[in-house]
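Below is one structure, written out as structure tokens; the observations come after it.
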Amino acid sequence: MTYRLHFSADVFETYKQLPDGARRDLAVCLVDAQQDPLARSEPYGQDDGIVRTVARGHVTAVILIGHDTRTLTVLTIAYAGSE
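Going by our numbering, the letters in the sequence shown line up with residues 23 to 105, in that order.
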């Protein structure tokens, strides 16, 4: 079952300001995670199965998995590249 994706307004603004390649990399990670978030992400600190990390290229995001509500909330985005 697919999880719904949620961004707060400020996190979505960060996403919009990423270079095209980084935005594309993050979008691929998030779409993949919507199908199977635990298989398509890595633990963020201690593995609680709820707060996870997705990454590709020079962009990383921390996501919150709402198993009961079937939602993925993007908590923060980090970009460590220059395009």
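Ideal placement from N, C-alpha and C gives every residue a C-beta, glycine not left out.
Test item: CB-CB of residue i and residue j under 8 Å
i	j	result
Tyr37	Pro59	no
Ala55	Ile85	yes
Residue i - containing alpha helix (DSSP H), residue span
i	result
Arg26	Note, Arg26: premise wrong, no alpha helix (DSSP H); beta strand (DSSP E) at Arg26 to Phe29.
Ala49	Asp42 to Gln57
Proximal residues to residue i (C-beta, below 6 Å), its chain only, five neighbours per side dropped
i	result
Arg62	Asp54 and Ala55
Glu64	Thr75
Closest residue to residue i among the options (Cα-Cα distance)
i	options	result
Thr95	Ala102, Tyr101 and Ile87	Ile87
Arg78	Val50, His89 and Pro41	Val50
Arg92	Ile72, Asp32 and Thr82	Ile72
Ala18	His28, Asp47 and Phe34	With the chain covering 23 to 105 only, the question about residue 18 has no answer from this structure.
Val81	Asp42, Asp69, Gln68 and Asp90	Asp42
Leu52	Phe29, Asp90 and His89	Phe29
Beta-carbon contacts of residue i that lie in its chain and below 7 Å, excluding the five residues immediately before and after
i	result
Gln57	Thr24
Close-in-space but distant-in-sequence residues of the same chain around residue i (CB under 8 Å, 5 per side omitted)
i	result
Leu97	Val33, Val73, Ala83, Val84, Ile85 and Leu86
Kindly provide the ranges of any beta strand (DSSP E) runs that are 3 or more residues long and lie completely inside the segment 53-102, ordered along the chain.
-> 73-78, 81-88 and 93-101
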